[in-house]
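Asks:
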Amino acid sequence: MSKKNNHIVILTPGFPENETDTSCIPALQIYVKELRKLTGYEISVISFHYPKKKSVYNWNGIQVFTLGSSAIISKMLLWNKAYRVLKQIHRDKPITALHSFWLGECALVGHWFSKRNQVLHLTTLMGQDALKGNKYAKILPLKKLKLFVLSPFHQTVFNENYNTKAAIIPWGIHPDSFCHMPKKTIDIISIGSLIPLKNHALFIDIIAKINKTKSIKAVIIGDGMLRKTLEEKIRLLALENTIILKGQLSYDETMQYLAQSKILLHTSNYESFGLVFAEALQSNTMIVSKSIGCATASPNWRIAAHKTEMIEACNNLLSESFSETEENTFLIEKTIQNYLTIYDN
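For what it's worth, the numbering used here labels the leading residue of the sequence shown as 3, then goes sequentially.
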């Protein structure tokens, strides 16, 4: 597919601590694993904050360097550690391309190193780094960087906030990793961190309304700061037998629940891409969401602007079946092919 002596170094805030840690940035895990498999490239990863212990280990044939970040270490000290590790890696095997994830400190260190060592550097924005208030966006020379976003929605938000247009390369999934359940045992599911942005309170309100006219089973998968608040809301609305809050699950467990679900109701107010959308489509699970991330209206995907529209969309889809005539276009091979054109240049 490409030159096999390329050496790609990934800079990221976090990376799985071992091969069983499937919940840490699943999109990046899928990408890095498939990139190595499909190209034979040597890939190294420098993870700034997670795992917290300083170490060097092997993850699916990829060497991972962790910096041992802690509250005691200042930002500048951490960045210097990252720079020194980059120099060591570059000495041992020259770096073909640096790929930073999030427009943050990884992008900052990557930019410094690329300028001083004449190494190709690209940065993929991953989420809220496209929103206003990103201090790194003010420090970095955005118009001189190779920047990539995950969807047209993400591109528009970033351009509006920083007057900088980035190229779009969507995430993808590996279709062979998914199964189709012959029978859907869950009516409506929500997957995501229990934080204000994900708006799970709206999910609960929608389920409460639908449940008044038809008995349904709903599941929320995720954990976070609002867990106790959401549990109390479920109790006050007497929905304990309707909504099951499963907490944080492994990636494989989460995908099994998604495959058992008829509808993914995604109430989030913002999403740069939404890997769960691609995962839902591959699992033959229909979607109701706002016009965020990679949202695209189709027979299997209803776009709704507010609660009333979401209730109506869910009620309609509950009496319908997934249309298998539509193909999932969000495939990891396409993601890799797009980035290869950048790496190889």
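No residue lacks a Cβ here, since even glycine has one placed at the ideal position from N, Cα and C.
As the structure is a prediction and not an experimental result, all values here were calculated from the model.
Let me know if residue 308 comes out buried or exposed under the rule of 16 or more other beta-carbons within 10 Å of its beta-carbon.
Replies: Label assigned to residue 308: exposed.
Asks: Would you kindly work out how many angstroms separate the C-alpha atoms of residue 62 and residue 35, rounded to a whole number?
Replies: When rounded, the distance between both Cα atoms is 7 Å.
Asks: In this structure, how does DSSP classify residue 324 when only helix, strand and coil are distinguished?
Replies: The answer is coil: DSSP assigns residue 324 none of H, G, I, E or B.
Asks: Helix or strand or just coil, what does DSSP make of residue 308?
Replies: Of the three classes helix, strand and coil, the one that applies to residue 308 here is coil, per DSSP.
Asks: What are the complete alpha helix (DSSP H) segments, minimum 4 residues, inside the stretch 176–247?
Replies: 202–213, 229–238, all fully within the stretch 176–247.
Asks: Look at the Cβ atom of residue 244, then the Cβ atom of residue 264, and state whether they are nearer than 8 Å.
Replies: For residue 244 and residue 264, no; Cβs fall outside 8 Å.
Asks: Check whether the stretch 153–161 touches the stretch 212–223, taking contact to mean three or more Cβ pairs, one atom from each stretch, closer than 8 Å.
Replies: Verdict: no, contact absent.
Asks: Express the C-alpha separation of residue 132 and residue 276 in angstroms, rounding to a whole number.
Replies: Looking at the two C-alpha atoms, the distance is approximately 14 Å.
Asks: I'd like to confirm the pairing. Which residues does DSSP put opposite residue 288 in its beta bridges?
Replies: In the DSSP output, where bridge partners are listed per residue, residue 288 has 265.
Asks: Can you list, in chain order, the stretches of the alpha helix (DSSP H) that have 4 or more residues and sit fully within the stretch 94–180?
Replies: Complete alpha helix (DSSP H) runs here, min 4: 107–119, 137–141, 154–164.
Asks: For residue 218, collect the residues of the same chain with a Cβ closer than 8 Å to its Cβ; drop the 5 residues on either side in sequence, then sort them by chain order.
Replies: Same-chain partners within the cutoff: 189, 190, 209, 212, 244, 320.
Asks: What do you reckon, are the CB atoms on residue 184 and residue 228 nearer than 8 Å?
Replies: Contact: no.
Asks: Considering only C-alpha positions, which residue in the set 38, 316, 280 is nearest to residue 290?
Replies: Of the candidates 38, 316, 280, the one whose C-alpha sits nearest the C-alpha of residue 290 is 316.
Asks: What's the C-alpha gap between residue 177 and residue 262?
Replies: Taking the straight line from one Cα to the other gives about 17 Å.
Asks: Closer than 7 Å by C-beta to residue 118: which residues in its own chain qualify, once you throw out the five before and the five after it? Chain order, please.
Replies: For residue 118, where only same-chain residues beyond five positions count, there are no Cβ hits under 7 Å.
Asks: Report, in whole angstroms, the separation of the C-beta atoms of residue 345 and residue 10, which I expect to be a contact under 8 Å.
Replies: Indeed, because the Cβ distance is near 6 Å, the residues count as touching under 8 Å.
Asks: Return the CA-CA distance between residue 322 and residue 174, expressed in angstroms with no decimal places.
Replies: If I take the Cα positions, the gap works out to 26 Å.
Asks: Give the C-beta separation of residue 252 and residue 25 to the nearest angstrom, bearing in mind that I take them to be a contact with Cβ-Cβ under 8 Å.
Replies: Yes, they are in contact, since the Cβ atoms of residue 252 and residue 25 sit about 6 Å apart, within 8 Å.
Asks: Hey, which unbroken runs of the beta strand (DSSP E) at 3 residues or more fall wholly within the stretch 4–61?
Replies: Counting whole runs of 3 or more residues, the stretch 4–61 contains the beta strand (DSSP E) stretches 9–16, 44–52, 57–61.
Asks: Quick one: give me the first and last residue of the beta strand (DSSP E) that residue 65 is part of.
Replies: That run of the beta strand (DSSP E) goes 64–68.
Asks: Mapping the DSSP letters down to three states, classify residue 342 as helix, strand or coil.
Replies: Residue state, collapsed to three classes: helix.
Asks: May I have the straight-line CA-CA distance separating residue 282 from residue 266, to the nearest angstrom?
Replies: The straight-line gap from Cα to Cα measures roughly 7 Å.
Asks: What separation, rounded to the nearest whole angstrom, lies between the Cα atoms of residue 325 and residue 187?
Replies: Whole-angstrom Cα-Cα distance: 18 Å.
Asks: Out of 84, 126, 95, which has the shortest C-alpha to C-alpha gap to residue 111?
Replies: Answer by Cα proximity: 84.
Asks: Closest to residue 115 by C-alpha separation, out of 196, 87, 134, would be which residue?
Replies: When only C-alpha atoms are compared, the closest one is 87.
Asks: Give the straight-line distance between the Cα atoms of residue 54 and residue 257, rounded to the nearest whole angstrom.
Replies: Approximately 27 Å between the Cα atoms of the pair.
Asks: Looking only at its own chain, which residues have a Cβ that is under 8 Å from the Cβ of residue 350, when we skip the five neighbours before and after it?
Replies: The shown model of the chain, from 3 to 347, leaves out residue 350, and the question about it has no answer.
Asks: Between residue 14 and residue 151, what straight-line distance do the alpha-carbon atoms span, to the nearest angstrom?
Replies: Their backbone Cα atoms lie some 16 Å apart in a straight line.
Asks: If you drop the 5 nearest sequence neighbours on each side, which residues of the same chain put their C-beta closer than 6 Å to that of residue 163?
Replies: Cβ within range, chain order: 134.
Asks: Under 8 Å, do residue 205 and residue 298 count as touching if we go by C-beta distance?
Replies: Against a cut-off of 8 Å, the Cβ pair of residue 298 and residue 205 comes out as no contact.
Asks: Look at the alpha carbon of residue 333 and the alpha carbon of residue 295, and state the distance between them as a whole number of angstroms.
Replies: C-alpha separation (whole angstroms): 16 Å.
Asks: According to the neighbour-count rule (16 or more other Cβ atoms, all chains shown, within 10 Å of its Cβ), is residue 271 buried or exposed?
Replies: By the 10 Å Cβ count, residue 271 comes out exposed.
Asks: Can you tell me which of the three DSSP states residue 333 falls into?
Replies: Three-state DSSP puts residue 333 in a strand.
Asks: Measuring CB to CB, does residue 337 end up less than 8 Å from residue 172?
Replies: Result yes, Cβ atoms of residue 337 and residue 172 sit closer than 8 Å.
Asks: Tell me the DSSP bridge mates of residue 300?
Replies: Per DSSP, 303.
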